[in-house]
Every structure is written in structure tokens, then in C-alpha cells.
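Quick note: the sequence shown uses UniProt numbering, first residue 1, plus one each step. One structure is given below, encoded as C-alpha cells.
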Amino acid sequence: MTATPAWTPRLQRTHYEPDPGTDPHPPAVHAGSTARPPAIGRPTPPGHTPTAVLAVRLAEVLRTALEVLDGRRPHTQLATAFRPRALRYWRAATGVQVRGAAPPRLVRVRIGRPQAHVAEVAAVVRFGSRHRAVAARFEHGADRVWRCTEIRLL
Numbered sequence: 001m002t003a004t005p006a007w008t009p010r011l012q013r014t015h016y017e018p019d020p021g022t023d024p025h026p027p028a029v030h031a032g033s034t035a036r037p038p039a040i041g042r043p044t045p046p047g048h049t050p051t052a053v054l055a056v057r058l059a060e061v062l063r064t065a066l067e068v069l070d071g072r073r074p075h076t077q078l079a080t081a082f083r084p085r086a087l088r089y090w091r092a093a094t095g096v097q098v099r100g101a102a103p104p105r106l107v108r109v110r111i112g113r114p115q116a117h118v119a120e121v122a123a124v125v126r127f128g129s130r131h132r133a134v135a136a137r138f139e140h141g142a143d144r145v146w147r148c149t150e151i152r153l154l
């Protein structure tokens, strides 16, 4: 006699990630919009970036990414702060995420620095009454700009 397993395997749907150079969601142009693009993707001063300063900058990038996810900003505003692969993933996530009554809110941000020019971010985001996690990796390039190389909405 065989025992039935205590758990049953579940399949999760994988999300479509568009090919490079394609934009499944073209940016909306709002007539009379006075919203200024955020100052993200700026070069940092030479030398080591202190973790406290980096936390503020990366939280600003994540807030902007959440506004893009919610449809309040166009994807083009993330072009200087995201590598193409991460930007493609975030564009695909925008199509899956349903816009709620309340905008998503960044609740908590934790930063780890495994190397001097790498920052790994774990964030908690509130979507209405639901909480989700965002995991991201930022790297400091030769042009002295911190860019998101990987991001996942869990």
C-alpha cells in the first residue's frame, strides 16, 4: 500500500518576457502633464558610496519603478537606471499587475553590499491590502552610475 504525499505539486504560470527592443506597453503621453522625470541614473562622486546615501538613491529608483508598474509613469524614465534585461522584465510585470485603487507603497527597504560596487536590495511593497516582495541587484558601472541589473516581483 502506498501512502499519498502530504503535499501536492503546484504549477505556477510563468510570465511572458518580451524580446529586446520591443515595447508591449508604449508609454502613455498625458496632455498638459507637468510631472518631471525623477533624477535617477545620475553619476555618483568618485570613490566609495556610503550605504546610507546609497539606500536613499536606490529607494528613489524603486519608488519610480513602482510608479511605472502602476502606470503613473512611462517606462522611459527607468531607461537610465535599469539594464535592458531588467527593464524588459519590469515591462512584462506591468502587464500582469492590476492597478488598484491605492497606489503601491514602498514599506521597507533592506540593502546588502556583498562587494564594493554591488548592492542587493530586498523591499516590501504594499499593494492595497496585499504585501509583495521585490528583490533587485544594482551594480556600479565604469560611468559611476548605479544601475539595476536584475529585479523580480515576488
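Every residue gets a Cβ at the ideal spot worked out from N, C-alpha and C, and that includes glycine. Since we're looking at a predicted model, the values are computed, not measured.
- L153 and V121 have their C-alpha atoms spaced approximately 12 Å apart.
- Pairing A55 with R113, the inter-Cα distance amounts to about 11 Å.
- Per the Cβ contact rule, the region 49 to 67 is in contact with the region 123 to 136 (3 or more Cβ pairs under 8 Å).
- One alpha carbon belongs to A116, the other to W7, and they sit about 42 Å apart.
- CA-to-CA, the gap between T80 and V125 works out to about 23 Å.
- Counting along the chain, no beta strand (DSSP E) covers A6, and no H or E run does either.
- Under the three-state reduction of DSSP, T76 is assigned to helix.
- DSSP lists no beta-bridge partner residue for H117.
- In its chain, beyond the 5 residues on either side, F138 and H140 have a beta carbon closer than 6 Å to the beta carbon of W146.
- Taking C-beta atoms under 8 Å as the contact rule, A86 and E150 qualify, at a distance of about 6 Å.
- Between V61 and C148, the CB-CB gap stays under 9 Å.
- A distance below 6 Å between beta-carbons, with the five flanking residues on each side excluded, links V107 to the following residues of its chain, in chain order: V124 and R126.
- Here the C-alpha atom of R110 lies approximately 10 Å from the C-alpha atom of A119.
- When the five nearest sequence neighbours on each side are left out, the beta carbons in the same chain lying within less than 8 Å of the beta carbon of T94 are those of H25, V68, L69, G71 and H75, in order along the chain.
- Secondary-structure assignment with DSSP links E150 through a beta bridge to R137.
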